[in-house]
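Notes follow once the structure below has been shown.
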Amino acid sequence: MGDSFTEGLDDPYPDGTYRGWADLVADRLGAKYANLAIRGKLFDAVAVEQVPAALAMKPDLVSFAAGGNDVLRRHCDPPSLMQRYDGVIKRLRDSGADVLVFRFADVMARLPGNKMIAPRIQYLNKSVGETAQRHGAKLVNLWGDDEYANPALWSIDRLHMSAAGHRRTAAHVLTVLGLEVEPTWWDIPPWPARKSWPAARTADVIWAGKHLAPWIKRRLTGRSSGDGILPKRPTLD
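So that you can map any letter, position 197 of the sequence shown is 197 in my numbering, and since no number is skipped, the others follow by simple counting.
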């Protein structure tokens, strides 16, 4: 359950659909698997739309990763968000399922708005750890992995993980589950060559036009990147 992180952006299959860490982990487990995550979803939408659908499947193991889109919003209230988060994790655990939760990697280090957003992410990550301990959820701590500072683990939009980033995340998840990991999933691509100041600024301008401006437009018009998108695996199979 969740948003683009669990849907698998930006790790495409050859046909253009998305794979991501969850598909990789499910393949390793060899179990029936559903993926209800949809890009752009805010926490409350995930809680209302995805949690009941997931519980109806009576799962043995679920992952819950939501709130990342909320902290990017100007009027986000992190304490209120995490209070609701705690309630969702309790509900999932009370169902008898094992629950995976995540401390997110530091994506904001490369993005504008870091001074406002970074403290929110830190609060979210701290609270996720406390919630996991309180309810016996399994914590996947990407925040503690400094290798995510490597731009090669992120896609060209600087917000979603690349294929290498998803492989590394899958390795973290399998480790938490106590399962064997494909060694190459830990591999870190070389850091991109350092650009000159003019080249870096040009890249920033191109990125802003292609990725930041559309994001701002969606916020202003009340739209979401997930509008019209359906879950890629809505049932256990």
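Using N, Cα and C, we set each Cβ at its ideal position, and we do this for glycine too.
Just so you know, these numbers come straight off a predicted model, no measurement behind them.
Ile121 and Val88 look like a contact to me (Cβ under 8 Å); what is the Cβ gap, rounded to whole Å? Your numbering for residue 121 matches position 121 in the sequence shown. Your numbering for residue 88 matches position 88 in the sequence shown. Ile121 to Val88, Cβ: 19 Å. No contact.
Contact between the region 150-160 and the region 124-142 is defined here as three or more beta-carbon pairs at a separation below 8 Å; is this criterion met? no
Based on DSSP bridge pairs, tell me the residues matched to Pro12. As a first step, residue 12 is located in the sequence shown; it is residue number 12 there, counting from the start. Bridge partners of Pro12: Tyr18.
Kindly identify the DSSP beta-bridge partner or partners of Arg233. Counted from its first residue, the sequence shown places residue 233 at position 233. For Arg233, which the question treats as bridged, DSSP gives the partners Asn35.
Can you tell me whether Asp98 is helix, strand or coil according to DSSP? Within the sequence shown, numbered from 1, the residue matching residue 98 stands at position 98. Note: Asp98 maps to strand in three-state DSSP.
Simplified DSSP assignment, three categories, for Leu81: Counted from its first residue, the sequence shown places residue 81 at position 81. Here Leu81 sits in helix by DSSP.
Would you give the residue range spanned by the alpha helix (DSSP H) that Lys138 belongs to? For the purposes of this step, residue 138 is taken as the residue at position 138 of the sequence shown. Premise fails: Lys138 lies in the beta strand (DSSP E), 138-141, not in any alpha helix (DSSP H).
Stretch pair the region 120-135 + the region 178-191: three plus CB contacts closer than 8 Å: no
Under 7 Å Cβ to Cβ from Lys32, same chain only, skipping five residues before and after it: list those, please. As a first step, residue 32 is located in the sequence shown; it is residue number 32 there, counting from the start. Answer for Lys32: Leu236, Asp237, listed in chain order.
Report yes if the C-beta distance between Arg201 and Ala34 is below 8 Å; otherwise report no. Indexing the sequence shown from 1 puts residue 201 at position 201. Indexing the sequence shown from 1 puts residue 34 at position 34. Going by C-beta atoms, Arg201 is not nearer than 8 Å to Ala34.
I'd like the list of long-range same chain contacts for Asn125, defined as Cβ closer than 8 Å, with 5 residues on each side in sequence excluded. Taking the first residue of the sequence shown as position 1, residue 125 is located at position 125. The answer, listed in chain order, is Arg103, Phe104, Trp143.
Decide if the region 3-19 is in contact with the region 156-166; the criterion is three or more beta carbon pairs, one per stretch, under 8 Å apart. yes
Spatial neighbours of Gln83 within its chain, please: C-beta separation below 8 Å, excluding the five flanking residues on both sides. Position 83 of the sequence shown, counted from the start, is the residue given in the question as residue 83. Around Gln83: no qualifying Cβ.
Which residues does DSSP pair with Gly253 in a beta bridge? Given a span of 1 to 237 for the chain in the structure shown, any question on residue 253 remains unanswerable.
In its own chain, which residues sit with a C-beta less than 7 Å from the C-beta of Ile229, not counting the 5 before and 5 after it? Indexing the sequence shown from 1 puts residue 229 at position 229. Closer than 7 Å at the Cβ level, and outside the excluded window around Ile229, lie Ile38, Arg39.
Cβ neighbour criterion (16 or more within 10 Å) applied to Gly247: With the chain covering only 1 through 237, there is no way to say anything about residue 247.
What separation, rounded to the nearest whole angstrom, lies between the Cα atoms of Asp27 and Trp197? Sequence index remark: in the sequence shown, residue 27 carries index 27 (1-based). Sequence index remark: in the sequence shown, residue 197 carries index 197 (1-based). Their backbone Cα atoms lie some 43 Å apart in a straight line.
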